[in-house]
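Counting in my numbering, the final residue of the sequence shown is number 771, and the numbers go up one at a time with none missing.
Glycine residues also receive a C-beta, built at the ideal position from the N, C-alpha and C atoms.
Below: the structure, in structure tokens.
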Amino acid sequence: MTSAAIVQKLWNYCNVLRDDGMSYGDYVEQLTFLLFLKMADERTKKPYSQTSPVPAGYDWPSLLKLDGDELFDHYRHTLEKLGQEKGLLGLIFGRAQNKFQDPAKLRRLLVDLLDKENWSIMSADVKGDAYEGLLEKNAQDTKSGAGQYFTPRPLIQAMVDVMAPKPKETVCDPACGTGGFLLAAHDYVTKHHKLDRDEKLFLDIKALRAWELVHATARLCAMNLMLHGIGGEKLPLTVGDSLASDPGERFEMVLTNPPFGKKSSTTIIGPDGKAYSEKETIERDDFWATTSNKQLNFIQHIKTLLKQHGRAAVVVPDNVLFEGGAGETIRKKLLQECDVHTLLRLPTGLFYAQGVKANVIFFDKKPASETPWTKRLWIYDLRTNLHFTLKTNPLKRSDLDEFVALYNPANRHERSATWSGENPAGRWRSYDYTELVARDKASLDIFWLRDESLENSDNLPEPGIIARDIIADLEGAPKSKKPHQKNRGGGKKIFFFIKTNNKKRKDRWGFGAGVGDMSLKSLWRFCISIELCLGLLALVCVFMGAGSFLLKGDYAAAINGMPLLVWLREVPLAASWWLWLTVVLLALLVLNTIFCASDTLWSRWGRAGWISLFAPQLIHVGFLLMVLAHLQSAYGGYVEQIVVNEGMVAQLPDGRQFGVAGIGVTMSPMGMPTGYSSELVTDLRNPVERSTISPNHPWFAGGYGVYIKQAEVYPYKRALLEIHREPGAGMALAGAVVFTVGNVLLVWLRSRAKESGLAEVEQ
């Protein structure tokens, strides 16, 4: 039976199980468990006669002889027992659960589908390709989000073709997903080289090495490798965070597509039962910069993993090419210490996570040198004027033939550009090192082709068509919390209140109360004095100004990328002292406000009308509410800037998705931009809902606000959007209302006093 026929047979049965609520991912996982048990049993028979790694009583025959509830209970106990084992069994069955709802359907899968085939006698190509086919179908199940672990195979094939691994070379994938890069490298070496016995053994047992963070995905990768005959009894796969530390191993080649997005903060329950928070940033001595951006960390990690003159091909999102702060530092170091020779700009619609704009960066690790190793970067633009979809126009290996040929794997130092003044549509051109580092932030986000669809706005489709395209794209987008990608940040706004004073009450408010007069009465007057209030405000301005001038480098970039209180906790005191002092001064200012309110209530209770008594206190309460609101935002606020193209689908951190149906720029008669706007499809269901945003009119949803900061129409329409979440916004608004009401009451009392001939009203 061919691999395609096996896939179709197994996949048809999945449609039966879906009626019981089993997802595609659950089905592939249950198949993995049962296939392992079936093959382990087959290997105990002739001609293999091997000892089964599965304990007796929990093997394939023990399942076949049972039916009904007995089968159901025994299958559940089998998964629990094998999941407690070490080594390969623990890797395959760790955290395994029975997802079947009907014992009869489990029995049918065992007897009618799996037991009738002899999987061990199938060639590795047939059974391996069959399992790969199941994984690809699983990746197309957009609801499960499995596509984030599945890199399109045509792209993998092209990357491996230009990297051209050789016999006895070691290949690593530090974020392997289901193992596509490792299998492609293994297949390339097998097909392009005539291997002797030692080379074949090295390729199957020692050549490949992988890490995967998610256990369920590692399980699929392990089975994929086994079915392809890779790894022997000890699979070359580690389940864990490859970024956590330097493994000490070095490789000739790294091929990988790391997960996109920011590293999330994780709560870990320790052996003592206490919860510990994992840091959002990775701090390693071998890294050039500290950042929470996972792709930037993977670039640094891959540099560490490579041997001298080792080669790497890495899929990265666009932000790796242009992000400032740590991103700029890492790019400059990479250009300096490695030979960054090739960049492939990938089209959208390529990945199962729709809207992803990605690239493949190729570089070689080099020894220390006083001069930069990167001499010239060649870029192939497979994005502009090209459009792929997962269903109607998927990427094929032939679409990358021109890139592979121009890359010239046989001798990449002999290349010729297809772009020139005479051929402005050429997709292949180069930039030398001096041009690259002279760009703003050493940005590698370079494009030169005109987007033909935007040359004439009359050629653009109707907004309704754009909306339908967005909805069609969303049908293939995983509804998982993204990564990716996230910048947390709290605002650095400071609200303050100055207590006004009445000349008749000068003695009460402490005018002239000196610091040297240390009697309790004088000390109290000083604590509620306006001199103290103004002095604290002046010092706040001084220290905030000092921080603005003194804070440099990564710490300055990070202060806008995370909540302020988190920044204070993570940054050394030598860099954050000014903000600590500012917080202390604000705390003293709050105490000054509370003391003033207390003194007023104590001294005037029963001697003044309720409006004149409580109006100042409303101002105090409003001020305190605004301070608390900003503390709340400083702890849990969020801000992120994203660049979007017209027709793109973006996602809020809470999983809500929206489409960019239109981008507009208003021009002055002199040709200068005077305003920006964007039409968003804010509800992608049928019928769709729209919202037009402009600089002063954002769109709010789920506590997040989407603002447009900038837009451009040449060479194609794109806009800079900013996503905000201010958890203290409601409290700040309430504080502002209370503050305003207090002031209005005081103004009304003063005007009323003047009208009645009174000189002043006590405040």
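**Report entry** Euclidean distance between Cα positions of T426 and W436
**Finding:** 5 Å
Query - C-alpha distance - R698 paired with T178, whole-angstrom precision - result: 52 Å
Report task. Give the range of the alpha helix (DSSP H) segment to which R227 is assigned. Result -> 223-235
Report task. In the DSSP assignment, find the beta strand (DSSP E) that holds W386 and state where it starts and stops. Result -> 384-389
Query - Close-in-space but distant-in-sequence residues of the same chain around A744 (CB under 6 Å, 5 per side omitted) - result: none
Query raised in the report: Terminal residues of the continuous alpha helix (DSSP H) containing S556?
Result: 538-558
**Report entry** Cβ neighbour criterion (16 or more within 10 Å) applied to M675
**Finding:** exposed
Query raised in the report: In whole angstroms, what separates the C-alpha of F411 from that of Y388?
Result: 7 Å
Query - Rounded C-alpha distance that separates W219 from G98 - result: 16 Å
**Report entry** Residues that DSSP places opposite K837 in a beta bridge
**Finding:** The structure shown does not extend to residue 837, since the chain spans only 9 to 771, so no value can be given for it.
Query raised in the report: Taking the beta strand (DSSP E) that W19 falls in, what are its first and last residues?
Result: Here W19 belongs to no beta strand (DSSP E); instead the alpha helix (DSSP H) covers 11-26.
Report task. Report the three-state DSSP secondary structure of I650 (helix, strand or coil). Result -> strand
Query raised in the report: So L99 is in the alpha helix (DSSP H); what residue range does that whole segment cover?
Result: 95-101
Query raised in the report: Exposed or buried, which one is N23 when buried takes at least 16 other CB atoms within 10 Å?
Result: exposed
Report task. Could you tell me which residues DSSP puts in a beta bridge with Y35? Result -> Per DSSP, none; premise fails for Y35.
Requested in this report: Could you spell out the range, first to last residue, of the alpha helix (DSSP H) harbouring T59?
Outcome: Counting along the chain, T59 falls outside any alpha helix (DSSP H), and DSSP gives it neither H nor E.
Query - Of the listed residues N653, G663, V598, G667, nearest to M634 (C-alpha basis) - result: V598
Report task. If I'm right that F83 touches L71 with Cβ under 8 Å, what's the distance once you round it to whole angstroms? Result -> Going by the sequence as given, residue 83 is Tyr instead of Phe. 6 Å between Cβ atoms; contact.
Query raised in the report: Are there three or more Cβ pairs, one per stretch, closer than 8 Å when the region 374-387 is compared with the region 125-139?
Result: no
**Report entry** Residues near I671 in its chain [Cβ-Cβ closer than 6 Å; skip 5 each side]
**Finding:** E654, S686, A719, K725, A727
Query raised in the report: Using the rule of at least 16 other Cβ atoms within 10 Å of the residue's Cβ for burial, across every protein chain shown, is F306 buried or exposed?
Result: buried
Query raised in the report: Between D662, F603, F666, I716, which lies nearest to Y684 when the distance is taken from Cα to Cα?
Result: I716
Query raised in the report: When DSSP labels each residue in this structure, what does C180 get in the three-state scheme?
Result: strand
Report task. Determine the DSSP secondary structure at M739, reduced to helix, strand or coil. Result -> helix
**Report entry** Residue interval of the alpha helix (DSSP H) (run including L314)
**Finding:** First-last for L314: 314-325, but that is the beta strand (DSSP E), not the alpha helix (DSSP H).
Query - Contact between the region 701-715 and the region 585-592 (3+ Cβ pairs under 8 Å) - result: no
Query raised in the report: Residues bridged to M261 by DSSP?
Result: V179, R319
Query raised in the report: For H317 versus S250, is the C-beta distance shorter than 8 Å?
Result: no
**Report entry** Of the residues H236, G357, V262, Q303, the one placed nearest L313, counting alpha carbons only
**Finding:** V262
Query raised in the report: Helix, strand or coil for L216 per DSSP?
Result: strand
Query - Residues of its chain near L203, where Cβ-Cβ distance is below 8 Å and the 5 sequence neighbours each way are ignored - result: P175, V197, L211
Query raised in the report: According to the Cβ coordinates, are L114 and F41 closer than 8 Å?
Result: no
Query raised in the report: Taking R405 as the reference, which of A166, M30, M680 has the closest Cα?
Result: A166
Query raised in the report: K428 by DSSP, collapsed to three states: which one?
Result: Before going further, note that residue 428 is Ser rather than Lys in the sequence given. Looking at S428 - three-state DSSP - the assignment turns out to be coil, as it is neither helix nor strand.
Report task. Could you tell me how far apart the beta carbons of P417 and V170 are, in whole angstroms, since I believe they sit closer than 8 Å? Result -> 5 Å
Query raised in the report: Quick one: what does DSSP say E331 is sitting in, helix, strand or coil?
Result: coil
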